[in-house]
Structure formats: C-alpha cells, structure tokens
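Note that our numbering has the sequence shown beginning at 21, numbered continuously upward.
Here a beta-carbon is modelled for each residue, glycine too, at the ideal position from N, C-alpha and C.
What follows is a set of notes on a single structure, which appears directly below.
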Amino acid sequence: YYAGGAGLYGYGYYGFYGTTYAKVHEPGYFDTSTTIRVETNLYSLSTDALVWTGQSATVDPKSIPDARGSITHAVAQKLKEEKLIP
C-alpha cells in the first residue's frame, strides 16, 4: 500500500496549485504486510469424503513456527466447536 504526500485540494487556482505541489514534492511511504493463508481439508478415512474445509489467515507472523501455531490453534478450536474432534 502506498500513501502519497500531504494535503487536500484548496479552493481556487492557488489553493489547487499549492496543495498539488505538496502532493508531488512531499515524500510518501509504503506500508507492507505479510499475510499467510492456509486451506485445511478434513476427510473421512472410511468413506474418502470431504467432511470439513476451512480457510485461515495470519497477518505479519513473527516466524513460520508462530504462523503454524496460530493457524493450527484456530483450526483445532473450530473443529472442536463443530464437534468434529473431542
């Protein structure tokens, strides 16, 4: 995501010119983030049928183990809620 320089447009020519100049000449900044998305599918071993599917996401994890842990926890909680695991 890029956030440009300052200001809204002012009234009249000079208001427009002044704020336009600021937009062009003042530096903006980039805001970056990392999102990890995982799809989890749960199948019945006896029937080979899809029993449950879910999509999870974590934003700006500190590490891969942190991402794995938070997604695993969220999936386990949802499966318990839906009484698919004890």
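Beta-carbon contacts of residue i that lie in its chain and below 8 Å, excluding the five residues immediately before and after
{"i": "Tyr-63", "result": "Ala-69, Leu-70, Val-71"}
{"i": "Pro-106", "result": "Lys-100"}
Collapsed DSSP secondary structure at residue i in the structure displayed
{"i": "Thr-78", "result": "strand"}
{"i": "Glu-101", "result": "helix"}
{"i": "Thr-54", "result": "coil"}
{"i": "Thr-92", "result": "helix"}
Local Cβ density within 10 Å of residue i, reported as buried at 16 or more and exposed below that
{"i": "Ala-87", "result": "buried"}
Test item: CB-CB of residue i and residue j under 8 Å
{"i": "Gly-74", "j": "Thr-92", "result": "no"}
Neighbourhood of residue i by C-beta distance below 7 Å, restricted to the same chain and skipping five residues each side
{"i": "Thr-55", "result": "Ala-77, Val-79"}
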